[in-house]
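Visitor: Here it is: the structure, laid out below.
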Amino acid sequence: MFNIYLTFAENKSQAPDHMQAHKDWIKQGVEEGVFIMVGSIKPSAENTKGGGCIMAHSLSYDALVEKVNQDPFVIHKVVQAEIYEVTPNQLDDRLAFLMPVQN
Numbered sequence: 065m066f067n068i069y070l071t072f073a074e075n076k077s078q079a080p081d082h083m084q085a086h087k088d089w090i091k092q093g094v095e096e097g098v099f100i101m102v103g104s105i106k107p108s109a110e111n112t113k114g115g116g117c118i119m120a121h122s123l124s125y126d127a128l129v130e131k132v133n134q135d136p137f138v139i140h141k142v143v144q145a146e147i148y149e150v151t152p153n154q155l156d157d158r159l160a161f162l163m164p165v166q167n
């Protein structure tokens with residue numbers, strides 16, 4: 065499982081120009097079953113930029129990097145992406161599908 069943080073970057077002012085393509089990219093990820101949660105990061109005292117957060121699964125790290133690099137916001141430097149791999153240790157039963165398979 066991965067958390068992707070999209071923090072506004074140098075070309076934030078260009079966000080409206082690429083918003084529809086970014087939304088289409090997100091929709092495709094959700095429809096493929098790769099993105100399981102997409103949301104906004106609200107600006108705060110610690111993070112004055114704001115941005116977005118995506119939870120993803122069903123891909124390898126390398127495949128996810130490739131997918132993230134196809135986001136029009138990333139391509140046009142509207143956001144900077146950071147990807148963190150998370151290995152769940154405990155989950156609510158509703159999220160059991162995220163638990164790694166034990167060999």
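Note that the numbering used here has the sequence shown beginning at 65, numbered continuously upward.
All C-beta atoms, glycine included, are put in the ideal place defined by N, C-alpha and C.
For V102, does the three-state DSSP call read helix, strand or coil?
Guide: Against the sequence shown, residue 102 aligns to sequence position 38. Looking at V102 - three-state DSSP - the assignment turns out to be strand.
Visitor: Using the rule of at least 16 other Cβ atoms within 10 Å of the residue's Cβ for burial, across every protein chain shown, is P152 buried or exposed?
Guide: Taking the sequence shown and counting its residues from 1, the one referred to as residue 152 is at position 88. Exposed is the call here.
Visitor: For F72, tell me which candidate among K91, M119, M163, P136 has the shortest Cα-Cα distance.
Guide: By one-based count along the sequence shown, residue 72 stands at place 8. For F72, the nearest C-alpha among the options comes from P136.
Visitor: In its own chain, which residues sit with a C-beta less than 8 Å from the C-beta of K106, not counting the 5 before and 5 after it?
Guide: Against the sequence shown, residue 106 aligns to sequence position 42. Answer for K106: G114, listed in chain order.
Visitor: For F72, which beta-bridge partners are listed by DSSP?
Guide: One-based indexing of the sequence shown puts residue 72 at position 8. For F72, which the question treats as bridged, DSSP gives the partners V143.
Visitor: Could you tell me which residues DSSP pairs with F66 in its beta bridges?
Guide: Looking up residue 66 in the sequence shown gives position 2. Answer is A120, E149.
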